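Colleague: Below is one structure. I have some questions about it.
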């Protein structure tokens, strides 16, 4: 299902975790891993500070310094040990621009990124770059919270709101779960507070709550239909609360390995699970999030 996986890399522990996770996924689906190290023009990785002696316009790995060379070497060695084809590209420029261009150039169909890079100036993958990738890339983004890589994908959580976007996320998640022989967990959330008049927290009408719970049960059943099509084990639940809290609580309770969610993509609009909830789930860091862009 994936042929080319790009790993934006800043030599941080979360970036290494994302790279190692990408190697494991690539081994399962027989994909190539493309490691992309981006050096910003005003940044000097050898010392971690801005320097009067900046990197050359066309840097190689030795220009990045010992720490980067060793980190890249570890990822390449992990790929070689797994029998996964890998290549490393080093570029100069704004990280988000170089990532988007590289993804287009190599025809990547998955991007794996760490979610907390190093503090200070050397922070390619810290917050804003990963979140920008979630919002703008037209391919799925696997956001991996550091410092640990995903050892195995045995349980995949698929939150749904019944939208077409959630349906596509469920289809994609079940295809990956099939490759990993994982159990799929369908989750729908009834947010009673958001239903209250004016969002003030007033008590919602019980009949309305019951109707919405029934609808959410149907939404979860549709995720189950996708899982059944692959012959996968499936578990489901409908919970009350806010979306992000319910997702986090369920993921911790069931110790899921991956959360698959829709995101709005380059031309999309924000919806219940498309955008802000996905980003907050990524920030929460309870589990890696596979953010699947939805073509509107």
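Numbering (UniProt numbering), first residue to last: 1 to 296. Where is the CB? At the ideal position from N, CA and C, for every residue including glycine. Just so we're clear, the structure is a prediction, and the values are computed from it rather than from any experiment.
1) How many angstroms separate the CA atom of residue 10 from the CA atom of residue 214?
2) Taking its Cβ as the centre, do 16 or more other Cβ atoms sit within 10 Å of residue 66, making it buried, or is it exposed?
3) Can you find the residues in the same chain that come closer than 6 Å, C-beta to C-beta, to residue 20, ignoring five residues on each side of it along the sequence?
4) Between the C-alpha atoms of residue 238 and residue 251, what's the straight-line distance to the nearest angstrom?
5) In the DSSP assignment, what are the bridge partners of residue 143?
6) Whose C-alpha, out of 94, 1, 257 and 164, is nearest the C-alpha of residue 37?
7) Starting from residue 249, follow the alpha helix (DSSP H) in both directions and report where the run begins and ends.
8) To which residues does DSSP link residue 240 through a beta bridge?
9) Taking its Cβ as the centre, do 16 or more other Cβ atoms sit within 10 Å of residue 165, making it buried, or is it exposed?
10) My output table needs one value for residue 151: the three-state DSSP class, helix, strand or coil.
11) Please confirm if the segment 174-190 is in contact with the segment 216-230, defined as three or more CB-CB distances below 8 Å between the two stretches.
12) For the pair the segment 222-233 and the segment 281-289, tell me if three or more CB-CB distances fall below 8 Å.
13) I'd like to check one pair, residue 155 with residue 254: are the Cβ atoms closer than 8 Å?
14) Whose CA, out of 176, 132, 90 and 101, lies closest to the CA of residue 260?
15) What residue from 98, 158 and 129 has the CA that sits closest to residue 288's CA?
16) Determine the closest residue to residue 74 out of 294, 91 and 18, with distance taken between C-alpha atoms.
17) Taking 7 Å as the cut-off, is the beta-carbon of residue 2 closer than that to any non-hydrogen atom of the ligand ADP?
18) Quick one: measure Cβ to Cβ for residue 243 and residue 174, integer angstroms, because I've assumed they're closer than 8 Å.
Modeller: A quick look at the data gives this:
1) Residue 10 and residue 214 have their C-alpha atoms some 46 Å from each other.
2) Exposed, because fewer than 16 other Cβ atoms sit within 10 Å of the Cβ of residue 66.
3) Around residue 20: 78 and 149.
4) Between residue 238 and residue 251, the C-alpha separation is close to 13 Å.
5) The bridge partners DSSP lists for residue 143 are 113 and 289.
6) In terms of CA proximity to residue 37, 94 leads the group 94, 1, 257 and 164.
7) Per DSSP, residue 249 belongs to the alpha helix (DSSP H) from 243-254.
8) Bridge pairing for residue 240: 190 [DSSP].
9) So residue 165 ends up on the buried side.
10) Coil, per DSSP.
11) Segments in contact, yes.
12) Put simply, the segment 222-233 does not touch the segment 281-289. Fewer than three CB pairs are less than 8 Å apart.
13) In this structure, residue 155 lies closer than 8 Å to residue 254 by Cβ.
14) Shortest Cα-Cα distance from residue 260 to any of 176, 132, 90 and 101 involves 176.
15) Sorting 98, 158 and 129 by C-alpha distance to the C-alpha of residue 288 places 158 at the top.
16) Closest in C-alpha terms to residue 74, from the list 294, 91 and 18, comes 18.
17) Inclusion of the ligand ADP in the displayed structure is not the case, the ligand content being empty and no account of it being possible.
18) So it is not a contact: roughly 21 Å between Cβ atoms.
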